[in-house]
Ligand code: SF4
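In our numbering, the protein residues as written are 50 to 150.
Right, dumping it as structure tokens:
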């Protein structure tokens, strides 16, 4: 999968979303459109903690400079994205943010 726009089914398999479903006003300005999806979405295999930490740091460094970070995070919270880095937060951090609201 290349680019940010894949999704993962509940059984863990990945699939690509159709381009027409992806380009919204904020997504067209997403920095991760030009970055590999590898650091934003966890691999299908078991991921060692150190590897996960490094992957998430790489993704978060892209998010930190992204002009649509707030929109991305609100989207992920609204649809309850179960995996990956969205708006600079991983799934655990998003759940904590939801609980704090
Ligand atoms: S905040 Fe991060 S995950 Fe969201 S669009 Fe920007 S770069 Fe992509």
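For every residue, glycine included, the Cβ atom is placed at its ideal position computed from N, Cα and C.
In the pairwise beta carbon analysis, the stretch 126–138 is classified as touching the stretch 98–113: at least three pairs are separated by under 8 Å. Residue pairing by DSSP places residue 138 opposite 135 in a beta bridge. Cβ-Cβ distances below 7 Å link residue 147 to 126 in the same chain, with the five nearest sequence neighbours on each side left out; the list follows chain order. Residue 91 and residue 132 do touch by the CB rule: their CB atoms are close to 6 Å apart, below 8 Å. Three or more Cβ pairs closer than 8 Å define a contact, and the stretch 71–85 meets that threshold against the stretch 112–120. Here residue 89 has 53, 81, 108, 133 and 134 as same chain residues with Cβ atoms under 7 Å from its own Cβ, once five neighbours each way along the sequence are excluded.
The C-alpha of residue 78 lies about 30 Å from the C-alpha of residue 94. Judged by DSSP secondary structure, residue 102 falls within the alpha helix (DSSP H) whose first and last residues are 98–113.
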